[in-house]
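Asker: Residue numbers (the UniProt record's numbering): 1 to 193. My questions all concern the structure below.
Right, here's the structure in full:
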């Protein structure tokens with residue numbers, strides 16, 4: 001089972017739909033509907049943190065859940081706000097983006113690692129955000145896996161743990177290769193897909 005934490009975002013059920021198409025059993029819980037102990041007691045094979053309208057400090061259990069998943073080496077993926085929560089949980093700063101983007105396409109230049117295995121570089125994906133993980137404060141335990149041409153971080157992963165994040169929205173219908181990116185995440189978990 002994949003536990004998807006809903007950060008009160010309209011895109012959450014797009015993720016649920018895509019993951020379901022890929023064969024995943026998904027359980028959705030709002031970020032304030034349970035505590036970290038209750039989330040971990042559900043014994044998920046993986047966790048996904050959804051997009052949302054706030055910053056990581058206001059995203060319910062998300063920051064603490066990143067730490068809990070890291071402690072037991074549980075696969076975790078963050079999308080947009082979830083990605084920012086990963087950056088912040090490991091010591092990076094989340095800052096205002098140089099431009100606010102809502103529904104804007106961007107070219108994702110990536111390393112071909114992790115979530116991006118087998119995907120062409122660059123590819124186009126949809127962005128909806130005003131915050132980003134600050135490149136200058138990115139901790140050594142995290143590596144950049146995707147970025148815009150201007151260096152804005154669009155993807156990251158932990159160097160030693162199965163923890164990945166993307167700033168863009170793979171679940172948006174306009175994003176290229178969203179299904180494959182999510183399939184790459186599921187392929188590295190014990191979630192039946």
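Glycine residues also receive a C-beta, built at the ideal position from the N, C-alpha and C atoms. This one's a predicted model, so the numbers in the text were calculated from it and none came from an experiment.
If we count the other Cβ atoms within 10 Å of its Cβ and call it buried at 16 or more, is residue 94 buried or exposed?
Answerer: Position 94 of the chain shown, counted from the first residue, corresponds to residue 94. With 16 or more other Cβ atoms within 10 Å, it is buried.
Asker: Can you tell me where the beta strand (DSSP E) holding residue 163 begins and where it ends?
Answerer: Residue mapping note: residue 163 aligns to position 163 of the chain shown, counting from 1. Unbroken beta strand (DSSP E) run through residue 163: 163-166.
Asker: Give a yes or no on whether the C-beta atoms belonging to residue 8 and residue 53 are separated by under 9 Å.
Answerer: Here residue 8 refers to the residue found at position 8 when the chain shown is read from its first residue. Here residue 53 refers to the residue found at position 53 when the chain shown is read from its first residue. Yes, Cβ-Cβ distance for residue 8 and residue 53 is below 9 Å.
Asker: Quick check on DSSP: helix, strand or coil for residue 13?
Answerer: Position 13 of the chain shown, counted from the start, is the residue given in the question as residue 13. DSSP places residue 13 in helix when its eight states are reduced to three.
Asker: Is it true that the stretch 62-73 meets the stretch 97-106, where meeting means three or more beta-carbon pairs spaced less than 8 Å apart?
Answerer: Taking 8 Å as the limit for Cβ pairs, the verdict is that the stretch 97-106 does not touch the stretch 62-73.
Asker: Just curious, the alpha helix (DSSP H) that residue 185 is in, first and last residue?
Answerer: Here residue 185 refers to the residue found at position 185 of the chain shown. First-last of the alpha helix (DSSP H) with residue 185: 178-187.
Asker: List the residues that DSSP assigns as beta-bridge partners of residue 153.
Answerer: Taking the first residue of the chain shown as position 1, residue 153 is located at position 153. Answer is 147, bridged to residue 153.
Asker: Please report how far the alpha carbon of residue 140 lies from the alpha carbon of residue 174, in whole angstroms.
Answerer: In the chain shown, counting from the first residue as 1, residue 140 sits at position 140. In the chain shown, counting from the first residue as 1, residue 174 sits at position 174. Those two C-alpha atoms are separated by around 33 Å.
Asker: Curious, which full-length alpha helix (DSSP H) runs of at least 4 residues does the stretch 16-74 contain?
Answerer: Fully enclosed alpha helix (DSSP H) runs of 4 or longer: 36-41, 62-71.
Asker: Please report the distance separating the alpha-carbon of residue 40 from that of residue 142.
Answerer: For this step, residue 40 is matched to residue 40 along the chain shown. For this step, residue 142 is matched to residue 142 along the chain shown. Straight-line Cα distance between these residues: approximately 23 Å.
Asker: Using the C-alpha atoms, what's the distance from residue 127 back to residue 96?
Answerer: As a first step, residue 96 must be located in the chain shown, where it is residue number 96. As a first step, residue 127 must be located in the chain shown, where it is residue number 127. Each residue's Cα considered, the two are about 14 Å apart.
Asker: Could you tell me the alpha carbon to alpha carbon distance between residue 132 and residue 182, rounded to whole angstroms?
Answerer: On the chain shown, position 132 is the one that residue 132 refers to. On the chain shown, position 182 is the one that residue 182 refers to. Each residue's alpha carbon lies about 21 Å from the other.
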